[in-house]
Structure formats: C-alpha cells, structure tokens
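Enquirer: The opening position of the sequence shown corresponds to residue 1 in full-length UniProt numbering, with each subsequent residue numbered one higher. For every residue, glycine included, the Cβ atom is placed at its ideal position computed from N, Cα and C. Quick caveat, the model's predicted, so the values are computed rather than measured. Before anything else, here's the structure in question.
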Amino acid sequence: MSCILLLYFHVFSNPVFVFLVYKWKIVELQKEFFERRKLEVASLGIAKLN
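Have a look at this one:
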C-alpha cells in the first residue's frame, strides 16, 4: 500500500505529468461543453423551423 502511495506522490510531484493531466482534463471539459452547445443550437434551430 505504501508503495502505491509513494508512486502516487512521485507522479504528482512531477510538474510535467500534472500539467499533462490538467491539460487533458481541460480538453475533456471543453469537448463536453461544445457538445452541449451544439445540442442547444440544434434544438433551437429545430424549434425555429417548427
């Protein structure tokens, strides 16, 4: 168990790794946001057509 904790701290003390994870999370959030926006715009377009 302590081995896993040590590995965890080692990985998260590495700024490059932290940066990559951070960047990846932001990209994921942006994708989610854009998907939601597309759905909103599409539903608005459909509402206007009807």
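How many Å lie between residue 43 and residue 24 at the Cα?
Expert: Residue 43 and residue 24: Cα-Cα distance of roughly 29 Å.
Enquirer: Are the CB atoms of residue 17 and residue 11 within a distance shorter than 9 Å?
Expert: It is a contact, given that the beta carbons lie within the stated cut-off.
Enquirer: Along the alpha helix (DSSP H) that carries residue 43, what are the first and last residues, could you check?
Expert: Element bounds for residue 43: 15-49.
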